[in-house]
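Peer 1: One structure, as structure tokens, below. Some questions next.
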Amino acid sequence: MMKSFEGPLGTTNEYTDIQQGGFWKEVFKNDGEEQITLAGMSFTTVRIVKRREGLMGNSYKAETTYWLDRRTGMLVKLDHQHINGRQAGVQPFQLVRLLEPGA
550 MMKSFEGPLG TTNEYTDIQQ GGFWKEVFKN DGEEQITLAG MSFTTVRIVK
600 RREGLMGNSY KAETTYWLDR RTGMLVKLDH QHINGRQAGV QPFQLVRLLE
650 PGA
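What follows is the structure, given as structure tokens:
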């Protein structure tokens, strides 16, 4: 994912993965920058979209979107859309509170 994060808009990288007894094709794409406000703070984020498909008879298909802070790389928001196959345990996420060290 970090190759897509660090690259320009449209940068993609693709992997074939073997885990949990299945074969998967994962494609990460830099989908551009987006300004979002969470927990009362403004973040310039890089939106990374991951498309995951099962291979070799595995019908799983899903899309996960990650919003990473451009400055720190910190994940501030995540959305998951299940398309086909067995449900994954991925839950949507967004930053609701951020405490600075020593605060």
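Remember, the working numbering sits 549 above the position in the sequence shown when you count from 1. Just so you know, even glycine gets a beta-carbon here, dropped at the ideal spot from N, CA and C. Computed from a predicted structure; not experimentally measured.
Provide the residue(s) that pair with K599 in DSSP beta bridges, ordered along the chain.
Peer 2: DSSP lists F577 and T613 as partners of K599.
Peer 1: On the CB-based measure, 16 or more other CB atoms within 10 Å of its CB, does I597 come out buried or exposed?
Peer 2: Flag for I597 reads buried.
Peer 1: Considering only C-alpha positions, which residue in the set V576, F592 and N562 is nearest to L644?
Peer 2: For L644, the nearest C-alpha among the options comes from F592.
Peer 1: Would you list the residues sitting across from S591 in a DSSP beta bridge?
Peer 2: Answer is T586.
Peer 1: In this structure, does DSSP put E649 in helix, strand or coil?
Peer 2: Coil at E649, not helix or strand.
Peer 1: Quick one, are the C-beta atoms of L617 and T594 less than 7 Å apart?
Peer 2: Yes; because the gap between Cβ atoms is below 7 Å, this pair is in contact.
Peer 1: Can at least three beta-carbon pairs, one atom from the segment 579-589 and one from the segment 599-612, be found at a separation below 8 Å?
Peer 2: Contact between the segment 579-589 and the segment 599-612 is absent, because fewer than three Cβ pairs lie under 8 Å.
Peer 1: Please confirm if G651 has its CB atom under 7 Å from at least one CB of chain D.
Peer 2: The structure shown contains no chain D; it is built from a single protein chain.
Peer 1: Let me confirm a value: Y564 is counted as buried when at least 16 other C-beta atoms fall within 10 Å, else exposed. Which label applies?
Peer 2: Exposed.
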